[in-house]
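Notes follow once the structure below has been shown.
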Amino acid sequence: MNQKISSIHKSITLLTFLALLFTVLAASFWLMAPYIISITLGGILAIIANPIYIKLSSKKINPKLASFIVSFGIFLLVLIPLGVFIGLAWKQGLEISRAILDIDSFSIGSFIKKISNWQVFESLGINPDTIANKIHLEIKNIANYGAQKLVLIFTYLPDIFLQLILLIFSCFFLLIDGKRFLHWLSNKIPFDDHVRQKVIHSFKNTAAASILATLASSASQSMVIFFGYIILGIPGSFVAAGATFIFSWIPILGSSPISIIGAIYLYSHGQIGKALIMIVIGLIAGFIDNIVRPIVLKGRSHLHPLVSLIAIFGGINLFGISGVFLGPILAAVTISLLQAWPAIAERFNILKA
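The opening residue of the sequence shown carries number 23 in my numbering; numbering runs sequentially from there.
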């Protein structure tokens with residue numbers, strides 16, 4: 023009888039503990055959710071900068087000082103230029119929106135005139151003026167929407183600054199305590215040591231490598247489009263580069279929309295030769311993805327384009343714009359766990375005939 027009561031008491035204790043644990047974990051996740059992107063990117067930066075940190079530490083530099091040097095260097099070399107870039111893109115975006123709204127003084131008016139006079143519309147019995155007015159109205163609506171969003175972004179600057187600071191601090195502490203944290207976390211996974219190591223190894227090879235490769239590819243495509251806009255004299259080069267960086271995360275889009283917009287601008291100015299050059303630059307930007315990504319991955323696992331596409335759209339639907347980053351990360355983690363499954367199945371004699 024006493025043994026039965028003791029067993030019931032143990033079960034109640036276990037269930038109470040598990041309920042409390044899951045409640046606290048859910049609350050903690052809810053608390054950290056707005057900053058997961060910053061923490062994740064900080065971790066990726068720590069992985070990238072770890073060789074430099076190890077080299078500094080090997081020269082008998084204090085670990086905290088070495089981490090500070092690396093983190094502050096990232097701040098100076100990456101985040102400050104990025105902040106300037108975002109500021110210029112925001113300014114250019116507002117200028118372009120104002121120019122489009124004042125469409126009579128903007129070159130897009132000549133483009134509308136050319137489009138509306140195409141022979142295909144006349145053969146279909148469509149009034150060119152109707153086409154011109156329709157295009158005019160739609161462009162103004164898009165410009166209004168874009169201008170509102172750009173102004174809205176300005177109100178988010180304090181939060182963006184906080185996210186950047188958190189990113190740097192995450193990188194700083196993960197450089198110092200990354201291995202200790204990983205060891206602590208791996209001990210909480212209820213698997214044998216070799217299974218835990220396989221999960222960690224799969225995550226590094228799939229999640230971190232995929233995100234790093236996509237970041238490098240997106241940055242490379244952005245730079246090609248940026249210099250293409252500058253060389254060909256197309257306004258809004260910073261806006262174009264920023265949009266290309268975002269679109270490059272989506273396999274179907276890539277740099278194509280921005281290169282097409284640049285070509286349309288040049289065509290509206292009667293510069294057909296330059297418009298063709300812009301299309302070629304867009305093709306080069308897309309081709310760079312096939313060069314940069316394999317170099318960064320170096321034979322490691324990566325996400326299939328279809329998986330990446332579904333993960334991005336699903337991530338955006340679930341997390342908003344942050345889903346562009348979080349979607350592929352979750353997909354990569356899922357693949358990492360699936361890759362570790364054979365070792366787990368073998369350990370517990372699962373799925374064996």
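The C-beta atom is built at its ideal place from N, Cα and C for all residues, glycine as well.
Being a predicted model, the structure only gives us computed values, none of them experimental.
Inset, instruction - Compute the beta-carbon to beta-carbon distance between G250 and G284, rounded to the nearest angstrom, for a pair I have assumed lies under 8 Å. - result: 7 Å
Legend entry - Distance between L305 and I58 (C-alpha atoms, nearest Å): 34 Å
Inset, instruction - Output the distance between the C-alpha atoms of I268 and L98, rounded to the nearest integer angstrom. - result: 23 Å
Inset, instruction - Leaving aside the five residues before and after S127 along the sequence, list all residues of the same chain whose C-beta is less than 6 Å from its C-beta, in chain order. - result: Caution applies to S127, whose pLDDT of 46 falls short of 50 and renders its modelled position unreliable; the value that the coordinates give is listed next. Correct list: empty, nothing qualifies.
Legend entry - Limits of the alpha helix (DSSP H) - the one that V261 falls within: 259 to 269
Legend entry - 7 Å CB neighbourhood of A68 in its chain, flanking five on each side removed: C193, L196, L197, G200
Legend entry - Best match in A265, Q219, A88 for proximity to A365 [C-alpha to C-alpha]: Q219
Inset, instruction - Flag A71 as yes when its Cβ comes closer than 7 Å to any non-hydrogen atom of the ligand MG, and as no otherwise. - result: Looking at this structure, you won't find the ligand MG or any other ligand, since it has none at all.
Inset, instruction - Using three-state DSSP, classify S242 as helix, strand or coil. - result: helix
Inset, instruction - Report buried or exposed for I233, applying the criterion of at least 16 other Cβ atoms within 10 angstroms of its Cβ. - result: buried
Inset, instruction - Return helix, strand or coil for V142, following the three-state DSSP convention. - result: Legend: pLDDT at V142 = 48, less than 50; position of this residue unreliable, value from coordinates given subsequently. Of the three classes helix, strand and coil, the one that applies to V142 here is helix, per DSSP.
Inset, instruction - Counting only the same chain and skipping the five closest in sequence on each side, list residues whose C-beta sits under 6 Å from that of I256. - result: G284, Y287
Legend entry - Helix, strand or coil at H205 [DSSP, three-state]: helix
Inset, instruction - Could you say which of F341, L340, S330, I338 lies nearest to V355 if we only look at CA atoms? - result: S330
Legend entry - Pair within 8 Å by beta-carbon distance, S93 and I190: yes
Legend entry - Cβ pair I247, S277 closer than 8 Å: yes
Legend entry - Endpoints, the alpha helix (DSSP H) within which S278 is located: 278 to 290
Legend entry - Assumed close pair I301, S281 - CB separation to whole angstroms, cut-off 8 Å: 6 Å
Inset, instruction - Could you tell me whether the Cβ atoms of I91 and L78 are closer together than 8 Å? - result: yes
Inset, instruction - Please list, in chain order, all residues of the same chain as A375 whose beta carbon is under 7 Å from its beta carbon, the five residues on each side excluded. - result: A caution first: A375 carries a pLDDT of 49, below 50, which makes its placement in the model unreliable, though a value can still be read off. Same-chain partners within the cutoff: there are none.
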